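The structure appears below as structure tokens.
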Amino acid sequence: GAVVSQHPSRVICKSGTSVKIECRSLDFQATTMFWYRQFPKKSLMLMATSNEGSKATYEQGVEKDKFLINHASLTLSTLTVTSAHPEDSSFYICSARTGTGVGEQYFGPGTRLTVT
Amino acid sequence: QKEVEQNSGPLSVPEGAIASLNCTYSDRGSQSFFWYRQYSGKSPELIMFIYSNGDKEDGRFTAQLNKASQYVSLLIRDSQPSDSATYLCAVNGGSSASKIIFGSGTRLSIRP
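Which chain is which? The protein sequence lines are P and C, in order.
Okay, so the first sequence: first residue is -3 according to the numbering used here, each after it adds one.
Okay, so the second sequence: first residue is 7 according to the numbering used here, each after it adds one.
And the structure:
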């Protein structure tokens, strides 16, 4: 299957600082990437859909000014958690879709964010 | 009604037996169907996808799709302890063509 990487895999930051997470499709071009968060023992929650060259589409209840998404190329999307607070501590996972429309979606390994 | 429904489990199956995981979806226009496996603390891994009615086999895994009944299942033959994980059913197409809708997952436990 297609390979998606994420960096960093784990990050600890102080409250009030910003954290950037990178998501890369390594062996395919992804016009669409997705950002999820997941709390322990809970379901995946879609945060936003990231489209190359255009603004991201955020799900209801997700603050676009807090979770900045940039999809600058066909292989890279970034999520920046701005002014992080302890309640932002979570497992953030990106995914990338092959092709267009209803193609398969592959996940990165995830980034565990801890805000102290 | 949830868009993609799964029994949360846990489903306990003896080693070597067949594990059967089920999923129903509400959008009749859905076009593609996926099964992901997620180990605790890890991200989901795509294990099967199916687009047409019927069965699709890959090794010990068989995905079954019945669009008329809006039902998709995953069978795992010769279950191994390493199959113990949460299995996520996902559906794409229809009114939500731009994104995949995930079920909440079924926790599978294979007992030795």
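Idealized CB from N, CA, C, for every residue including glycine.
Please read all numbers here as calculations on a predicted model, not as lab measurements.
Beta bridge pairing from DSSP links Lys16 of chain P with P:Thr76. Here Pro105 of chain P carries a coil assignment [DSSP, helix/strand/coil]. Taking a 10 Å sphere around the C-beta of Pro50 of chain C, we find 16 or more other C-beta atoms and assign the residue as buried.
For Ile106 of chain C, the C-beta contacts it makes with chain P under 7 Å involve Gln101, in order along the chain. Neighbours of Pro105 of chain P in chain C, taken as residues whose beta carbon is under 9 Å from its own, are Lys48 and Ser49 in chain order. By the beta-carbon neighbour count (other beta carbons within 10 angstroms, threshold 16), Ala74 of chain C is exposed. Between the beta-carbon of Ser88 of chain C and that of Gln12 of chain C there is about 21 Å, and that puts the pair past the 8 Å contact cut. Checking the DSSP bridge columns, you'll see Ile24 of chain C has no partner listed.
When C-beta atoms of the segment 22 to 38 of chain C are compared with those of the segment 79 to 87 of chain C, three or more pairs fall below 8 Å, so the two segments count as touching. If you ignore the 5 residues before and after Lys60 of chain P, its C-beta comes within less than 6 Å of the C-beta of Tyr54, all in its own chain and listed in chain order. The three-state secondary structure of Asp84 of chain C, taken from DSSP, is coil. Here the alpha carbon of Asp84 of chain P sits roughly 31 Å from the alpha carbon of Tyr31 of chain C. When secondary structure is reduced to three states using DSSP, Glu83 of chain P falls in the helix class. Listed in chain order, the non-local C-beta contacts of Ile53 of chain C below 7 Å within the same chain comprise Trp41, Tyr42, Arg43 and Phe67, local neighbours out to five positions each way being set aside.
Nearest CB-CB separation between Ser39 of chain P and chain C: below the 8 Å threshold. Residue contact with chain P for Phe40 of chain C: present (Cβ-Cβ distance below 8 Å to some residue of chain P).
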